[in-house]
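Okay, so the sequence shown: first residue is 28 according to this note's numbering, each after it adds one.
What follows is one structure encoded as structure tokens, with my remarks underneath.
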Amino acid sequence: MVSKAAVAWENEGILNKYIEDCGVSCELITPQMLATPFYREEIVALIIPAGFGNRLYSGLLPALRSSRERVGNFVKKGGRVLCYGAITADSGTYDWLPFRCEYTHEFFGAPIKIDKSREFSGITADFNENMIDFDGFFTGDIAEDEVVASAKEGKIAIFFKKYGDGYFVLVSTHEMPSKEFVRKFCTANVEILF
28 MVSKAAVAWE NEGILNKYIE DCGVSCELIT PQMLATPFYR EEIVALIIPA
78 GFGNRLYSGL LPALRSSRER VGNFVKKGGR VLCYGAITAD SGTYDWLPFR
128 CEYTHEFFGA PIKIDKSREF SGITADFNEN MIDFDGFFTG DIAEDEVVAS
178 AKEGKIAIFF KKYGDGYFVL VSTHEMPSKE FVRKFCTANV EILF
């Protein structure tokens with residue numbers, strides 16, 4: 028088994044350290060690396076932190092758009108993408124995904140309702156389910172059996188999409204994923220060429 032992830036961001040931060048503390052090797056993929064067609068890396072999971080769509084925080088969104096096909100192919104071959112909230116009211120921040128997904132930016136605290144029978148529900152294992160922070164919620168082509176967790180008024184906070192042999196997991200909770208989730212999500216029999 029191989030445990031290896033990459034965080035897409037301008038520089039290493041607390042998320043990289045957290046992933047390594049979970050026992051997973053963690054690489055940094057900068058926007059320039061992501062958008063470069065000749066960049067190659069073998070990983071199990073790609074993690075896109077909160078704020079990727081907000082130009083005040085990050086220059087990652089244009090790189091994601093230019094590498095849309097590459098990201099899709101990575102997941103089709105068995106890779107996994109964990110993507111957090113865009114943290115912007117701008118529309119189209121998830122247009123690099125191979126499915127329709129809309130995000131409404133709204134900071135709020137609320138209890139979270141988790142469907143423990145769903146794949147990836149372990150992401151919330153370390154959460155205080157009675158009150159957590161959200162940076163928004165999702166709408167779009169999301170089937171009921173893809174919803175992992177929702178907040179007040181049924182706002183979708185975590186969902187997944189199977190795509191080829193891999194998965195996209197989208198999250199609008201403003202919390203770190205559980206350590207056990209990180210270990211499982213970023214571990215597979217083989218690495219996938221990104």
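We put the CB at the ideal spot given by N, CA and C, even for glycine.
CB residue i to CB residue j, shorter than 8 Å?
i	j	result
Gly78	Leu88	no
Val98	Gly191	no
Glu146	Phe187	yes
Glu207	Gly149	yes
Ala113	Cys213	no
Asp172	Arg127	no
Arg82	Asp122	no
Phe135	Phe161	yes
Gly86	Pro64	no
Met28	Ala170	no
Just the C-alpha distance for residue i and residue j, rounded to the nearest angstrom, thanks.
i	j	result
Ala70	Lys182	Reading off the sequence, residue 70 comes out as Ile, not Ala. One C-alpha to the other measures close to 32 Å.
Met158	Thr131	20 Å
Val56	Ala62	A small correction: the amino acid at residue 56 is Ile; Val does not occupy that position in the sequence shown. For Ile56 and Ala62, the distance between alpha carbons rounds to 10 Å.
Ala116	Pro125	21 Å
Glu68	Ala32	10 Å
Glu47	Ser205	13 Å
Ala137	Glu202	13 Å
Ser144	Lys179	20 Å
Tyr45	Val108	17 Å
Cys53	Glu133	30 Å
Glu129	Asn100	22 Å
Phe221	Tyr84	24 Å
Lys189	Glu156	26 Å
Glu96	Gly40	27 Å
Gly163	Ile139	13 Å
Looking only at its chain, what residues have a beta carbon closer than 6 Å to the beta carbon of residue i, apart from the 5 residues adjacent to it on each side?
i	result
Gly105	Asp192, Gly193, Ile219
Ile75	Ala35, Cys110
Leu42	Val34, Pro76
Met60	Tyr66
Ile141	Ser148, Thr151, Ala176
Val174	Ile183, Phe186
Val196	Leu109, Phe147, Phe187
Asn38	none
When you measure from the CB of residue i to every non-hydrogen atom of the ligand MG, does any distance come out below 7 Å?
i	result
Ala152	Judged by which ligands are present, the structure shown has none, so any question about the ligand MG falls away.
So, for residue i: in the same chain, excluding its five sequence neighbours on each side, which residues have a beta-carbon less than 8 Å away from its beta-carbon?
i	result
Arg210	Ser30, Cys49, Gly50, Val51
Ser94	Leu61, Ala62, Trp123
Val198	Leu109, Cys110, Tyr111, Gly112, Ile150, Ala184, Ile185, Pro204
Round the Cβ separation of residue i and residue j to the nearest angstrom and send it over; I've been treating them as touching at under 8 Å.
i	j	result
Ile185	Thr200	7 Å
Which same chain residues end up closer than 7 Å to residue i when comparing Cβ atoms and leaving out the 5 residues on each side of it in sequence?
i	result
Ala90	Pro58, Leu61, Ala62
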